[in-house]
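Each residue of the first sequence is one higher than the last, beginning at 33 in my numbering.
Have a look at the structure below before the remarks.
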Amino acid sequence: MKLQELEKIGEYIYKIYKEGISNVPAVVFADEKIIDSLMADQSLNQVINVTSLRGVVYVFIMPDVHWGYGFPIGSVACTNYDEGGVISPGGIGFDINCGVRLLKTNISFKNLSDNLKEKLLDKLFEYVPSGVASESDIKLSKAEFKKVVEKGLNWAVENGMASENEIELVEDRGVKDNVDVSNVSSEAIDRGKCQLGTLGSGNHFLELQVVDNIYNDKVSKVLGLYKDQLVVMIHCGSRGFGHQVATDYINLMLKNMDKYNIKILDKQLACVPASSPEGQKYITAMNTAANFAHLNRQIITHKVRKAFREVLGKTVSVDLVYDISHNMATIENYVFNGKKVKLVMHRKGATRALPPFHNFLPDKYKTIGQPVFIPGDMGRYSFVLVGTQKAYELTCSHTCHGAGRTKSRNQIKKEIDYTDLLKILKDKGISIRASSKATVVEEAPEAYKDASIVVDIVDKVGISSIVARLRPVGVVKG
DNA sequence: ATGTTC
């Protein structure tokens, strides 16, 4: 390669740098096959575009990388806050604070009859609205909604949908600092006020899963996970609310970039200095949407508990393991390569993977590092990992977020038939409830890499450490 | 991802 320099710098580690464009190299964690597909794809240009942003100091690309809006999904972009480093909504994504939470039950899967599993899925599908325009049974006025999103998970505690102990297991206790709903548009509030406790569509899901394999007994024990245990994984975000916040601020930034003399290679990289008035406003609006997403996953958890109790009785327990975010930006002082910098850390399809004894960790997980959940596709596996010291040193404490798409929605629709897919899943013991057949086909396992491949890479590189494998047995989709 | 192509 000439201008687009790709250099292998270690086992599963590459650098990408384009002379005259990149301010810093992107460090890519991948195997050869992933590198090949990256080089053949638009996502290569997106990686290079990110390395050209003003004030960018570190770019990390994860093995689940694929094309996204402006920034590739599977990227971490850190800019220097004190030196005019930018913040860009495209580096966070439209679904602000999309994330995953894992719930553990006190039920062994072998004790759950098919009949009860089906009943449970019926109830879950009934109680958790899913699909694009789905609305919640919680309908708030605009004024009420504003208070609710400012309170974040504290509102769930006040309303009996979460316990004080439980919210310790959510990043920032589910209440972001620096929230200001007055920087959120009236349209966003309109879209969000009837969507709390709804799943959404696309790759979002609620799954009944079984702990299928344990790779680390000690850590599993601390997390309260054991083989054959029934668990619940929830993957969703901030719905139309976050989407509108992102849209509003992309437009605002496009209008204001000239003022800061910012030139970008793609309109989708719209950005302003994080310390500018527009940047500050976006940060407060993004944090408000982040509160929404935490609350959304919490309210869904409450509904899951209701469904479980009705089907399985009062002795059933459904406890939060942890709640992670994979579309978010934070501003943090970080010591990297011996240098202390205030970083604007954009993570888009990337998960925080904090090392053991990090300040941000809840007491019960201090010794093991931050729990990391990597959802795979509906037919194969999802994974539990933990953050490591090596992630602190190599990626400012980040790892991957999923399997990564290999086929577009349109492509997979041409290849897979809904009825065939349902039969294949049924033969594997996986039942489905979905509000849209098209969505199920778009999310077919064949449209994704096997999450095992991605997880194996991050584990071997050491930017997180594998703990357990989870296998889906029931799926609720939008 | 999304009141599914502003």
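Think of the CB as a built atom: it goes at the ideal place given N, C-alpha and C, for glycine as much as any other residue.
Since the structure is predicted, the reported quantities are computational estimates derived from the model, not experimental observations.
Q241 and K142 have their C-alpha atoms some 12 Å from each other. Within the DSSP bridge table, the entry for C226 names no partner.
If you draw a straight line from the Cα of V376 to the Cα of M360, it is about 10 Å long.
Residue nearest to N138 within the set D204, V243, L172, N248 is V243 (criterion: CA-CA distance).
Nearest C-alpha to D127 among G234, Q330, D452: G234. In the DSSP assignment, M377 falls within the unbroken beta strand (DSSP E) covering 371 to 380. Contact between L201 and L352 holds, with the beta-carbon distance rounding to 5 Å and staying under 8 Å.
Under the three-state reduction of DSSP, D409 is assigned to coil, being neither helix nor strand. Beta-bridge partners assigned by DSSP to Q241: V263, P504. Non-local beta-carbon contacts of T383 in its own chain, meaning distances under 6 Å to residues more than five positions away in sequence, involve I356, H358, V404, T431, H433 in chain order.
By the criterion of at least three beta-carbon pairs nearer than 8 Å, the region 266 to 276 is not in contact with the region 108 to 120.
When rounded, the separation of the alpha-carbon atoms in G52 and F103 is 19 Å. Cβ atoms of I294 and R86 come within 8 Å of each other, at about 6 Å. Straight across, the Cα-Cα distance linking L185 with F324 is about 9 Å. For K380, the number of other beta carbons within 10 angstroms of its own is at least 16, and it is reported as buried. Contact fails between the region 285 to 303 and the region 244 to 262, because fewer than three Cβ pairs, one in each stretch, are under 8 Å apart.
The three-state reading of DSSP puts A466 in strand, counting E and B together.
The distance from the Cβ of I45 to that of V59 is about 7 Å, consistent with a contact at the 8 Å cut-off.
Distance from the CA atom of Q74 to the CA atom of G123, rounded to whole angstroms, is 16 Å. DSSP assignment within the region 330 to 402 yields the following whole beta strand (DSSP E) runs of 3 residues or more, N-terminal first: 350 to 357, 359 to 368, 371 to 380. Contact between the region 253 to 266 and the region 209 to 216 is absent: fewer than 3 CB-CB pairs across the two stretches fall below 8 Å. If you look at K50, you'll find it in the beta strand (DSSP E) that goes 45 to 50. With 16 or more other Cβ atoms from the protein chains shown falling within 10 Å of its own Cβ, P121 counts as buried. The region 325 to 333 makes contact with the region 218 to 233; the number of CB pairs closer than 8 Å reaches 3 or more. In the structure shown, A58 adopts extended strand secondary structure according to DSSP, grouped into three states.
For F157, the enclosing alpha helix (DSSP H) stretches over residues 146 to 159. Counted as a single uninterrupted DSSP element, the alpha helix (DSSP H) harbouring M71 occupies residues 64 to 71. Nearest C-alpha to K422 among S496, I464, K469, E478: S496. Cβ atoms of I119 and Y314 come within 8 Å of each other, at about 6 Å.
The closest CA to that of G125, considering only Y413, D280, A479, A385, is found on D280. By the CB criterion at 8 Å, R412 and D482 fall inside the cutoff. For A109, the enclosing beta strand (DSSP E) begins and ends at 105 to 112. The residue among H378, H326, F415, L393 with its C-alpha nearest the C-alpha of E182 is H326.
Between V216 and T320, the gap from beta carbon to beta carbon is short of 8 Å. Where T137 is concerned, the enclosing beta strand (DSSP E) starts and stops at 131 to 140. The C-alpha of G206 is placed about 18 Å away from the C-alpha of K335.
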